[in-house]
Amino acid sequence: MALQKQEKKFRSPVLGRFFLWILLNHKHPQSIMGDLEEQFHELAKHRGVLRAKLWYWLQIISAVPPYTKNAIYWGISMFFNNLKIVFRNIKKNKVYSFINIAGLSVGIACFILISLQVEDELSYDQFHEKADRIYRVVYEINRPGSLSNTAMTPAPLGPALLNDYPEVKNFTRLSFQDVFMLHGDKRFYEELCYADSRLFEVFTMPLVVGDPETALRDPYSLILTQEMARKYFGNQNPVGKTISINGQKDFQVTGILEAIPQNSHFHINCIAPFETLFEKQKGMIHYWGNINYYNYILLAEDADIKSLEDKMSQFSMKYIGGSFKELFGDDLDRVPSWYQFHFQPLESIHLHSHLSNEIEPNSDISLVVVFTAAALFILVIACINFMNLSTARSFTRAKEVGIRKVVGAKRNELIKQFLGESSVFVLISLFLALVLIFLFLPSFNALSGKELALFDLSAGAMVGFLAGIFVLVGGISGSYPAFLLSSFRPAAVLRGGVFAKNSTPLVRTFLVVFQFTISIMLIIGTFIIHDQMIFIQNKKLGFDQQNLVVIKDPFREVIPKYKAFKEELLKHPNVEAVSVSSGVPGMELSSTTVRPEGSEFKEAISMDVLLVDYNFAETMGIQMAEGRNFSRDFVSDRGRAFIINHSAAHTLGWEFPVGKKLEIVGGSQKGEVIGMVHDFHFNSLHHMIAPMMMVLVPVRAKYFVVKTGPGSVTKAMETIGQTWDRFAQGSPLDYSFMDNRLDSLYKSEHSLEKTLIYFSILALFIACLGLFGLASFAAEQRIKEIGIRKVLGASIPNLMFLLFKDYAKWVLLANIIAWPTAYLIMRKWLQNFAYRTDMELWGFILAGTLALFIATATMSFQTVRAALSNPAHNLRYE
Amino acid sequence: MKYLSRPEELVLITVWKLKDEAYGVKIRKYIQKMTGKYWSIGSIYVPLDRLENKGYLDSYMGEATAERGGKSKRYYRITQEGLAQLEALQKVYDRFWQDLPDPSFKKS
Numbered sequence: 041m042a043l044q045k046q047e048k049k050f051r052s053p054v055l056g057r058f059f060l061w062i063l064l065n066h067k068h069p070q071s072i073m074g075d076l077e078e079q080f081h082e083l084a085k086h087r088g089v090l091r092a093k094l095w096y097w098l099q100i101i102s103a104v105p106p107y108t109k110n111a112i113y114w115g116i117s118m119f120f121n122n123l124k125i126v127f128r129n130i131k132k133n134k135v136y137s138f139i140n141i142a143g144l145s146v147g148i149a150c151f152i153l154i155s156l157q158v159e160d161e162l163s164y165d166q167f168h169e170k171a172d173r174i175y176r177v178v179y180e181i182n183r184p185g186s187l188s189n190t191a192m193t194p195a196p197l198g199p200a201l202l203n204d205y206p207e208v209k210n211f212t213r214l215s216f217q218d219v220f221m222l223h224g225d226k227r228f229y230e231e232l233c234y235a236d237s238r239l240f241e242v243f244t245m246p247l248v249v250g251d252p253e254t255a256l257r258d259p260y261s262l263i264l265t266q267e268m269a270r271k272y273f274g275n276q277n278p279v280g281k282t283i284s285i286n287g288q289k290d291f292q293v294t295g296i297l298e299a300i301p302q303n304s305h306f307h308i309n310c311i312a313p314f315e316t317l318f319e320k321q322k323g324m325i326h327y328w329g330n331i332n333y334y335n336y337i338l339l340a341e342d343a344d345i346k347s348l349e350d351k352m353s354q355f356s357m358k359y360i361g362g363s364f365k366e367l368f369g370d371d372l373d374r375v376p377s378w379y380q381f382h383f384q385p386l387e388s389i390h391l392h393s394h395l396s397n398e399i400e401p402n403s404d405i406s407l408v409v410v411f412t413a414a415a416l417f418i419l420v421i422a423c424i425n426f427m428n429l430s431t432a433r434s435f436t437r438a439k440e441v442g443i444r445k446v447v448g449a450k451r452n453e454l455i456k457q458f459l460g461e462s463s464v465f466v467l468i469s470l471f472l473a474l475v476l477i478f479l480f481l482p483s484f485n486a487l488s489g490k491e492l493a494l495f496d497l498s499a500g501a502m503v504g505f506l507a508g509i510f511v512l513v514g515g516i517s518g519s520y521p522a523f524l525l526s527s528f529r530p531a532a533v534l535r536g537g538v539f540a541k542n543s544t545p546l547v548r549t550f551l552v553v554f555q556f557t558i559s560i561m562l563i564i565g566t567f568i569i570h571d572q573m574i575f576i577q578n579k580k581l582g583f584d585q586q587n588l589v590v591i592k593d594p595f596r597e598v599i600p601k602y603k604a605f606k607e608e609l610l611k612h613p614n615v616e617a618v619s620v621s622s623g624v625p626g627m628e629l630s631s632t633t634v635r636p637e638g639s640e641f642k643e644a645i646s647m648d649v650l651l652v653d654y655n656f657a658e659t660m661g662i663q664m665a666e667g668r669n670f671s672r673d674f675v676s677d678r679g680r681a682f683i684i685n686h687s688a689a690h691t692l693g694w695e696f697p698v699g700k701k702l703e704i705v706g707g708s709q710k711g712e713v714i715g716m717v718h719d720f721h722f723n724s725l726h727h728m729i730a731p732m733m734m735v736l737v738p739v740r741a742k743y744f745v746v747k748t749g750p751g752s753v754t755k756a757m758e759t760i761g762q763t764w765d766r767f768a769q770g771s772p773l774d775y776s777f778m779d780n781r782l783d784s785l786y787k788s789e790h791s792l793e794k795t796l797i798y799f800s801i802l803a804l805f806i807a808c809l810g811l812f813g814l815a816s817f818a819a820e821q822r823i824k825e826i827g828i829r830k831v832l833g834a835s836i837p838n839l840m841f842l843l844f845k846d847y848a849k850w851v852l853l854a855n856i857i858a859w860p861t862a863y864l865i866m867r868k869w870l871q872n873f874a875y876r877t878d879m880e881l882w883g884f885i886l887a888g889t890l891a892l893f894i895a896t897a898t899m900s901f902q903t904v905r906a907a908l909s910n911p912a913h914n915l916r917y918e
Numbered sequence: 012m013k014y015l016s017r018p019e020e021l022v023l024i025t026v027w028k029l030k031d032e033a034y035g036v037k038i039r040k041y042i043q044k045m046t047g048k049y050w051s052i053g054s055i056y057v058p059l060d061r062l063e064n065k066g067y068l069d070s071y072m073g074e075a076t077a078e079r080g081g082k083s084k085r086y087y088r089i090t091q092e093g094l095a096q097l098e099a100l101q102k103v104y105d106r107f108w109q110d111l112p113d114p115s116f117k118k119s
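This is how it looks when you write it as structure tokens:
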């Protein structure tokens with residue numbers, strides 16, 4: 041053992057041996073390395089290991105300069121020679137080169153675009169310097185009869201956490217409120233955020249102007265973003281000026297906030313001090329029963345969130361149990377299990393949090409996974425198509441390979457050459473991809489609602505990313521052709537008879553079928569979505585959506601004077617009718633539980649409630665089915681009469697509802713059903729029409745519905761605006777047109793349709809590239825067969841059909857796979873809608889035909905060329 | 012006929028001289044001793060390869076030892092042609108060296 045160890049000591053350095061092995065260019069490397077080893081051993085034994093090692097390294101280093109000189113010199117000259125050959129080839133086969141580069145650059149562009157999107161999704165909230173230590177506190181209420189997971193928490197939570205646990209270093213609270221802001225003649229509805237001044241200690245939100253420590257110190261101070269400041273004050277200095285909020289109180293601008301990046305889970309445009317929210321009821325800031333606020337905490341650097349959560353088992357007992365002792369009574373000891381607070385890491389909110397009352401709708405991690413998979417998938421497909429096209433060309437390159445080999449090229453040199461060749465292609469494609477992205481990024485952003493930019497990444501990351509793509513794509517797409525081409529045996533190639541294999545590779549066929557399946561599915565999907573959108577547009581909603589203007593009165597400034605307002609408006613010739621209601625189509629209504637008077641509780645049903653004016657049904661164009669509308673002739677109609685819809689009558693099991701009595705469960709309100717209306721779609725077509733009742737309580741309405749004449753809407757809007765200004769106490773006119781409102785209900789479907797169109801085109805393009813490769817491969821392979829057939833008298837259409845039917849069958853196979861799959865997927869999608877169109881066969885047939893047609897067009901380039909080629913030329917024997 | 016280069020010549024003589032001991036390490040050491048100069052490994056092996064290609068040297072594998080990290084030696088042996096070449100070269104030298112005048116330098 042000892043001896044062996046001794047021997048080991050006298051071995052040369054492993055790293056050195058490795059270098060030597062690389063540098064040695066000799067037919068007997070073993071003997072040279074042996075020689076060095078022997079001398080090392082001798083030196084080590086007599087003059088010490090260190091000296092031996094020094095000597096060994098000196099030997100290696102002294103060998104490097106001549107070696108590199110040689111390698112560089114010949115490397116460069118071969119490089120330029122190969123480059124020349126590449127460009128000659130590109131020039132010689134313009135169509136091929138174009139298609140190859142186009143396919144690859146589209147693939148790479150897609151990959152980069154989706155990567156940018158994924159990167160953006162993953163980057164949410166990371167711009168905060170302390171992002172890894174910030175947590176949002178969320179609330180799990182698990183009381184019998186009330187179960188909720190909400191992002192909102194009580195206001196005193198933050199201070200209590202800071203006070204009780206040393207792990208919590210800081211906290212901040214946010215609360216959002218819709219307000220309208222007024223400065224001079226500028227009036228807009230805004231979302232105001234009330235926040236602690238600790239906001240700036242927790243989050244990274246730099247102020248352009250103002251001191252973060254004092255900007256939110258005084259009540260009624262206001263911080264605006266630069267954009268907001270410009271909106272209200274133009275180019276004036278906003279600091280010190282005031283903005284009136286809700287027409288009630290002047291807030292003084294004390295600071296200017298830098299805009300919050302798009303990749304944040306909340307966006308704030310204006311901030312007021314948190315305490316200001318409670319100016320009217322100061323005690324409420326300590327009230328645990330009001331769950332309306334977002335609490336964020338900053339964890340101490342060495343603390344662990346898990347152990348903090350474990351320590352909090354009695355937290356809710358102390359505060360919630362403590363505040364509401366009488367309320368819980370005997371159940372007091374169950375409070376800790378009923379009310380629990382949890383922590384969400386800030387960076388995970390955007391992708392992992394799906395609670396109720398999120399500040400903004402969040403994304404989902406599964407989306408990121410799907411996107412990543414799709415990006416890689418597109419890239420791989422593009423690579424494989426590239427590979428197919430290059431190998432299809434291998435026949436024309438075979439002779440070159442043969443000659444090179446005869447002249448003395450080694451296989452690895454040829455591999456290097458062909459790899460280099462595809463690298464040039466990849467490089468060009470990469471460049472074109474960047475150009476494509478530059479062109480399409482704006483419309484992509486418009487579609488996805490993001491603000492992606494190619495140069496968002498740091499230069500280093502960008503270069504690394506592009507280099508990564510280069511290596512990956514070059515490696516995948518270049519390796520197979522390189523190995524295939526370099527494997528040709530010169531004698532066989534030069535004699536001219538190497539391509540005996542007369543079969544299309546299975547993998548390639550599979551790919552083409554697969555790509556077409558995807559394309560056809562996408563096309564079918566686009567058709568069906570389009571069909572459904574048309575169905576939605578043409579669907580009778582049960583009311584007249586044309587020429588209806590909806591005016592929102594969130595603070596009920598005009599509603600109390602609605603009669604006068606109405607009269608004033610009706611003076612205008614273009615206003616036909618005016619009514620008020622508590623809700624308008626396209627929004628969710630509040631609901632209540634009702635039962636037939638005197639019946640059991642279990643017969644109660646939930647009904648949407650609409651508080652309306654006498655003429656609401658008329659104004660909206662809703663048809664009465666039975667009974668009568670509200671009328672001034674009956675005093676009892678005020679609040680004690682109901683008009684229900686068909687669906688309500690059906691749910692209650694009433695065939696003739698008029699005259700029946702209903703009572704509201706839990707309240708004392710009772711009344712008679714005086715009429716029934718035909719069903720109308722209050723919500724989007726995703727939902728079934730719910731049971732609904734209308735009650736005559738106009739003073740509790742929140743919306744005006746104005747029916748204008750078919751003529752000039754602008755004129756009518758002018759009158760409405762002027763009248764509104766006379767009645768309102770300063771809040772701006774917030775109006776919308778009914779048909780636009782309804783349209784916006786299907787926003788996600790519209791954007792899905794658009795996305796699908798893009799993807800169908802893309803998929804079809806890529807599939808055609810694959811098919812083109814396959815077709816050219818087969819055409820090259822069968823060129824002699826075609827020649828002989830031609831000589832024997834085959835006509836050109838005959839030959840074209842011969843070649844055509846080979847691929848047509850694959851496209852047909854793709855159809856067979858795509859139809860049922862698309863059917864199943866689209867059926868699932870259509871189930872989102874309570875009211876939906878039927879899937880018709882023509883959509884499928886059209887999609888299949890379209891794919892076949894495009895495929896034929898793609899192939900015809902090859903088939904026509906093959907069929908037209910001169911047989912004498914093809915059959916010539918060299 | 013092409014003449015050998017000086018390094019080739021020296022290496023060839025060395026191989027001849029060392030007889031059964033002519034492998035890399037020994038050759039290099041001998042030449043370094045005789046010339047009193049540093050010879051890199053490359054400067055030994057390049058002439059060896061050339062000589063072998065020209066047919067003036069033979070090579071055969073020898074035994075592997077522990078000191079060599081288990082790698083065997085490659086022994087070289089001079090061939091008939093190699094010997095003839097050396098002799099021819101020597102004759103040329105002799106001819107040149109004959110009847111050279113006495114080199115007398117003036118002391119300046």
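Read top to bottom, the protein sequences are chains A and B.
In our numbering, each residue's number is its place in the first sequence (first place is 1) plus 40.
In our numbering, each residue's number is its place in the second sequence (first place is 1) plus 11.
We treat Cβ as the ideally placed atom computed from N, Cα and C, and that holds for glycine.
Source: prediction; values computed, not measured.
Quick check on this structure: which residue in the options has the alpha carbon closest to the alpha carbon of residue i?
{"i": "D258(A)", "options": "A269(A), N286(A), R238(A), Q292(A)", "result": "Q292(A)"}
{"i": "Y71(B)", "options": "R270(A), L416(A), Q70(A), P731(A)", "result": "Q70(A)"}
{"i": "A473(A)", "options": "W114(A), S137(A), C150(A), I836(A)", "result": "C150(A)"}
{"i": "Q266(A)", "options": "C310(A), G711(A), D373(A), A200(A)", "result": "C310(A)"}
{"i": "N402(A)", "options": "E161(A), V126(A), R668(A), R916(A)", "result": "E161(A)"}
{"i": "K109(A)", "options": "H68(A), D75(A), S145(A), L63(A)", "result": "L63(A)"}
{"i": "T659(A)", "options": "V851(A), S619(A), R668(A)", "result": "S619(A)"}
{"i": "E608(A)", "options": "E159(A), H392(A), G761(A)", "result": "G761(A)"}
{"i": "A681(A)", "options": "Q663(A), V553(A), L650(A), T691(A)", "result": "L650(A)"}
{"i": "K603(A)", "options": "P53(A), I801(A), V739(A)", "result": "V739(A)"}
{"i": "Y175(A)", "options": "K450(A), I704(A), P385(A)", "result": "P385(A)"}
{"i": "N189(A)", "options": "G883(A), F841(A), A818(A), H382(A)", "result": "H382(A)"}
{"i": "I806(A)", "options": "V705(A), I560(A), E298(A)", "result": "I560(A)"}
{"i": "K710(A)", "options": "G693(A), D677(A), H690(A), S687(A)", "result": "D677(A)"}
Tell me the residue span of the alpha helix (DSSP H) that contains residue i.
{"i": "V103(B)", "result": "91-108"}
{"i": "N133(A)", "result": "Run containing N133(A): none; DSSP gives neither H nor E here."}
For the beta strand (DSSP E) that contains residue i, what are its first and last residues?
{"i": "A312(A)", "result": "310-313"}
{"i": "P196(A)", "result": "P196(A) -> no beta strand (DSSP E), and no H or E assigned at all."}
{"i": "G73(B)", "result": "68-75"}
Can you check whether the CB of residue j is closer than 8 Å to the CB of residue i?
{"i": "D404(A)", "j": "H305(A)", "result": "no"}
{"i": "V26(B)", "j": "I55(B)", "result": "no"}
{"i": "L256(A)", "j": "P313(A)", "result": "yes"}
{"i": "T896(A)", "j": "F844(A)", "result": "yes"}
{"i": "E92(B)", "j": "Y67(B)", "result": "yes"}
Using a Cβ-Cβ cut-off of less than 7 Å, list which residues of the region 81-102 of chain B approach chain A; keep chain order.
K82, S83, K84, R85
Would you list, in chain order, the members of the region 38-71 of chain B that have their beta-carbon closer than 7 Å to a beta-carbon of chain A?
S51, I52, G53, Y56
Which full runs of the alpha helix (DSSP H) of 4+ residues lie inside the region 292-376 of chain A, going along the chain?
345-351, 365-368
Whole alpha helix (DSSP H) elements within the region 565-635 of chain A, 4-residue minimum
602-610
Contact residues within the region 79-98 of chain A, judged by C-beta distance below 8 Å to chain B
Q79, H81, E82
Chain B contacts from the region 95-126 of chain A (Cβ-Cβ distance under 8 Å)
Q99, S102, A103, P106
Minimum length 4: unbroken alpha helix (DSSP H) runs contained in the region 714-787 of chain A
753-767, 778-784
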